[in-house]
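Using our numbering, the first residue of the sequence shown is number 5, and each one after it goes up by one.
Even glycine gets a Cβ: it sits at the ideal position worked out from N, Cα and C.
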Amino acid sequence: MFREKPGLRAGALAFLLAVAAGAFWLWQPRSHSAAAGTDLGTLPRGVSRARLNLLVITLDTTRADRLGAYGFREIETPALDRLADEGVLFEQAMATAPLTLPSHSSIFTGQFPPEHGVRDNGGFFLSPKQLTLASFLKARGFRTGAVVGAYVLDGKWGLNSGFETYVDDFDLSRIKGGFGVGDVKRPGNEVVDRALPWLETVKDKPFFAWLHFYDPHSPYESPEPFRSRYAERPYSGAIAFTDAQVARVIAFLEANHLLDRTIVAVMGDHGESLNQHGEGTHGFFIYESTQRVPFIIRAPFELTRGGRRVADPVRTVDLFPTVVDLLGIRPPAGLAGVSLAPLMTGARRTLDLEGYAEALYPLHHFGWSELRAWRAGQYKVIDAPRPELYDLDKDPHETNDLYAARRSVADAMLGRLRERESGEARAAAAAQAAPEVDPDARARLAALGYVGSFVATVGSTTADRADPKDKIALFNMITEAREIASEENSFERVAAMLNKVIAEDPKVIDAWFNLGNAYYKVGRFQEAIKYFARALELKPDYDLAVINMANAYRKLGRDEAALTGYERYLSIDPKNANVRYQVGEIYMDRGDIEKAEENFKAALDLDKRVAAAHNALGAIAFTRGDIAAAERQIRTALEIKKDVRLAHYNLALLAEERGDRATAEAEYKRELEHHPDSYKAAFNLSRLYEESGRRQLQVDALKRAIGANPGFAEGHVVLARLYLQDGRLPEALDLARKGLSLDPRSPLAPLGHYVIADIYNRMGRHRDAERAAALGRQLEARLRQPWPGRARGRPPVLH
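Here it is, written out as structure tokens:
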């Protein structure tokens with residue numbers, strides 16, 4: 005795909021000569037005055053530049069050389085190929101990072117990662133002080149909306165700035181086991197399903213829409229017919245499926261006569277290594293397999309049509325100023341990117357742009373050296389413990405390292421890059437201090453294993469860290485372990501792989517973290533805590549290790565330890581509404597209604613879409629006897645999320661409070677339709693069946709309750725009573741004994757003893773019967789409450 009050229013371009017050569025001579029250089033955009041005055045040609049009849057729309061489509065994990073438009077013949081991507089045929093294709097577009105959040109932050113701010121400050125997925129937030137493309141266009145009258153395909157781009161990380169509508173309503177309650185940022189996503193068809201209704205509402209006004217497709221991310225999954233058609237090449241199948249969803253959006257634009265007044269920009273955030281340089285996926289290296297991305301713009305101007313191909317290197321930071329320029333708006337000052345309009349029309353053949361990329365993932369997750377790359381003309385240098393230099397015009401796949409042969413060029417590029425890094429490090433140290441932790445909290449955290457120190461760095465110089473090139477086998481092993489972790493019966497394989505990594509390098513942060521996740525997923529929570537703690541010894545600010553460790557404490561019933569962990573997490577990520585909700589849930593379980601309510605409301609202040617928080621506030625209103633307020637909150641929860649756990653259960657309790665047994669029955673059934681494991685709904689439903697004399701339905705409901713939760717003591721006891729009444733004595737005895745062993749002090753434990761006493765009497769074991777009855781009376785006196793008949797009290801929330 006890369007054109008052969010005899011040598012460095014004139015501008016890049018002059019630049020390198022200046023660097024070699026020690027000329028002063030700052031990392032800043034060059035002035036390209038020609039861009040503002042570029043003649044774009046005419047627009048189609050009836051189309052006004054002032055009424056143009058903008059659609060940006062980002063393709064996650066998509067290599068440029070895996071699209072038909074870029075010459076790949078083993079895939080069908082007709083929609084993207086069409087956009088290229090009718091617009092402009094940039095053959096060499098350089099991404100700024102091989103990770104989703106940092107790369108998208110660069111795309112939508114026009115800045116490199118050191119400037120916008122987002123260096124990794126999770127744990128970093130785009131500052132509201134950063135000007136985004138959405139904010140810029142919204143201030144100029146555009147309607148702005150986005151639909152993202154993965155939680156890694158959730159609005160809490162900051163990319164929602166400027167969007168009136170930002171569809172990121174990912175259901176974190178569905179996550180099973182240890183949590184990872186990349187685990188939560190939606191397929192491309194759902195992205196389009198959510199986008200088209202919004203486009204319908206704004207089609208008569210200038211709009212800026214952003215659609216993000218996550219499907220090409222591993223594990224590569226796509227529906228039929230793509231799964232079968234690309235059975236041997238699932239990565240290509242995922243891209244082909246994404247192309248089909250892009251086609252739906254283009255069809256909408258055409259059907260509504262919008263295509264010829266909409267600028268459509270398609271860009272990859274980063275690529276996928278596909279085992280080049282030994283890397284299976286992405287995030288680790290910054291070779292062209294992950295940094296060269298597709299970049300296509302279809303604009304309705306006469307001089308940007310016709311399938312022009314631009315060979316001159318460009319950067320993803322150039323999208324912002326380019327599309328703004330095409331819209332007829334002067335780009336804001338201070339962007340690192342520049343308008344590419346002169347290249348799109350052919351007015352200029354080259355802009356002599358320098359590119360920058362970084363991979364801090366090896367540092368943040370493994371404790372190895374970070375990587376940084378800089379491109380000038382045909383040359384690209386990679387700064388690592390063992391630096392590399394490549395001539396991309398002659399060697400696009402970076403197989404021939406020229407560092408030794410072109411040492412003067414490499415050293416000149418590295419010298420200035422490192423000078424810039426030094427200044428950046430000083431600025432970052434001043435601007436990003438570790439979060440404050442008070443001494444009491446520090447002591448509690450340390451006692452629970454949450455921290456070794458509160459320094460948010462791995463703690464050694466680059467020269468002392470391992471070169472990622474020497475560690476790629478371990479990285480791939482961790483990646484494989486993470487990907488197979490979701491498979492049935494994979495625990496032993498996953499644990500063996502991760503332990504092998506640790507045996508080779510005990511300082512690999514993510515090996516300990518993923519081992520904790522593996523133990524969490526099989527319910528071995530105490531061991532999971534041990535491994536999360538080891539990860540936190542290496543990286544004390546590792547947000548996911550903190551939250552997963554807190555979740556493990558919660559599973560063990562150690563709510564005070566979980567609360568400490570959640571509070572620590574919120575010091576790292578104060579915008580996390582779901583964690584704030586979990587804090588409220590703990591206070592609710594402890595009976596501290598005031599603090600619970602405070603935290604539920606705080607969660608909704610952060611994010612109005614936390615349906616479970618509305619449901620919880622409904623539960624609180626119910627405990628206070630405010631039935632009307634309780635119903636309002638619960639129905640609000642269901643409007644946000646139609647299957648929010650325990651909402652229908654709570655509505656059933658409200659109906660029972662009003663004496664409306666029919667509605668209560670219907671709501672319990674709805675709860676079970678959405679959540680078949682809702683044993684409390686089944687139990688209460690059995691009580692309604694008993695009141696109406698439907699004996700077999702009552703038995704079936706009780707069997708369902710203990711089937712959904714084999715540890716549900718009350719369910720065993722009540723079913724034992726029914727079996728006793730039916731004369732099924734051996735089964736009744738087993739059930740009563742099981743119920744008492746599960747919870748010897750439950751409110752229904754006295755009933756269990758009475759059932760056993762009755763059975764012994766019928767068997768003629770009168771002394772045993774008297775002893776069992778005496779135990780029942782003693783326990784009933786201690787509990788000071790009769791059998792309540794059904795699971796009432798505070799309606800539970802979420803769990």
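Looking only at its chain, what residues have a beta carbon closer than 6 angstroms to the beta carbon of residue i, apart from the 5 residues adjacent to it on each side?
i           : result
residue 88  : 73 and 300
residue 214 : 60 and 150
residue 675 : 652, 653, 682 and 685
residue 109 : 120, 122 and 130
residue 147 : 206, 209 and 211
residue 63  : 217 and 272
residue 240 : 79 and 234
What whole-angstrom Cβ distance do residue i and residue j have, given they're in contact under 8 angstroms?
i           : j           : result
residue 477 : residue 101 : That belief does not hold up - the Cβ atoms of residue 477 and residue 101 are roughly 23 angstroms apart, past 8 angstroms.
residue 764 : residue 773 : 4 angstroms
residue 660 : residue 651 : Actually they are not in contact, since the Cβ atoms of residue 660 and residue 651 sit about 15 angstroms apart, beyond 8 angstroms.
residue 638 : residue 619 : 6 angstroms
residue 592 : residue 317 : Wrong, their Cβ atoms sit about 57 angstroms apart, outside the cutoff.
residue 655 : residue 626 : The Cβ separation is near 10 angstroms, so there is no contact.
residue 165 : residue 132 : 6 angstroms
residue 92  : residue 265 : The pair is not a contact, with the Cβ atoms about 18 angstroms apart (cut-off 8 angstroms).
residue 319 : residue 268 : Contact flag wrong, Cβ pair sits at about 20 angstroms.
residue 188 : residue 224 : Contact flag wrong, Cβ pair sits at about 17 angstroms.
residue 174 : residue 197 : The pair is not a contact, with the Cβ atoms about 15 angstroms apart (cut-off 8 angstroms).
residue 340 : residue 96  : Between residue 96 and residue 340 the Cβ distance is about 18 angstroms, and since that is not below 8 angstroms, they are no contact.
Does any heavy atom of the ligand ATP sit closer than 7 angstroms to the C-beta of residue i?
i           : result
residue 131 : This structure lacks the ligand ATP; in fact it carries no ligand of any kind.
Among all the DSSP beta bridges, which residues are the ones paired with residue i?
i           : result
residue 94  : 314
residue 358 : 380
residue 394 : 384
residue 169 : 149
residue 269 : 60 and 301
residue 163 : Answer by DSSP bridge pairing: none, since residue 163 is not bridged.
residue 235 : DSSP lists no partner for residue 235.
residue 213 : 59 and 149
residue 363 : 375
residue 189 : 154
residue 319 : 98
residue 296 : 98
For residue i, I'd like the list of residues in its chain whose CB is within less than 8 angstroms of its CB, leaving aside the five on either flank, ordered along the chain.
i           : result
residue 574 : 580, 583, 584 and 587
residue 391 : 385, 407, 414 and 418
Buried or exposed: where does residue i fall if 16 or more other Cβ atoms within 10 Å of its Cβ makes it buried?
i           : result
residue 801 : Confidence at residue 801 is low in this model, with a pLDDT of 40, below 50, so the placement of that residue should be treated as unreliable; the coordinate-derived value is given next. It counts as buried.
residue 762 : buried
residue 767 : exposed
residue 770 : exposed
residue 488 : exposed
residue 104 : buried
residue 810 : An answer regarding residue 810 cannot be provided, because it is not within the stretch 5 to 803 covered by the chain.
residue 83  : buried
residue 731 : exposed
residue 742 : buried
residue 474 : exposed
residue 411 : exposed
residue 646 : exposed
residue 384 : buried
residue 379 : buried
residue 459 : Confidence in residue 459 is poor, its pLDDT being 34 and thus under 50, which makes the residue's placement unreliable; the coordinate value appears in the next sentence. Classification for residue 459: exposed.
residue 702 : buried
residue 804 : Within the shown structure, residues of the chain are numbered from 5 to 803, placing residue 804 beyond reach of any answer.
residue 628 : exposed
Can you list, in chain order, the residues of its chain with a C-beta nearer than 7 angstroms to that of residue i? Leave out the 5 residues immediately preceding and following it.
i           : result
residue 135 : 113 and 336
residue 76  : 69 and 70
So that I know if they touch, is there some Cβ in chain D lying closer than 8 angstroms to that of residue i?
i           : result
residue 333 : The structure shown contains no chain D; it holds only a single protein chain.
> Are the segment 549 to 559 and the segment 139 to 154 in contact at 8 angstroms, needing three or more beta carbon pairs?
Replying inline: No, they do not touch.
>> Check whether the segment 505 to 519 and the segment 531 to 541 are in contact - that is, three or more C-beta pairs closer than 8 angstroms.
In response: Yes: at least three Cβ pairs fall under 8 angstroms.
> How do the segment 274 to 291 and the segment 248 to 262 stand: do at least 3 beta-carbon pairs fall below 8 angstroms, yes or no?
Replying inline: No: the two stretches stay apart, fewer than three of their Cβ pairs being nearer than 8 angstroms.
> Contact between the segment 313 to 333 and the segment 43 to 62: three or more CB pairs below 8 angstroms?
Replying inline: A contact exists between the segment 313 to 333 and the segment 43 to 62.
> Any chance the segment 295 to 315 sits against the segment 241 to 251, with 3 or more Cβ pairs inside 8 angstroms?
Replying inline: Contact fails: fewer than three Cβ-Cβ distances are below 8 angstroms.
>> Quick check: the segment 416 to 424 against the segment 396 to 403, are at least 3 beta-carbon pairs closer than 8 angstroms?
In response: The segment 396 to 403 makes no contact with the segment 416 to 424: fewer than 3 CB pairs, one atom from each, lie closer than 8 angstroms.
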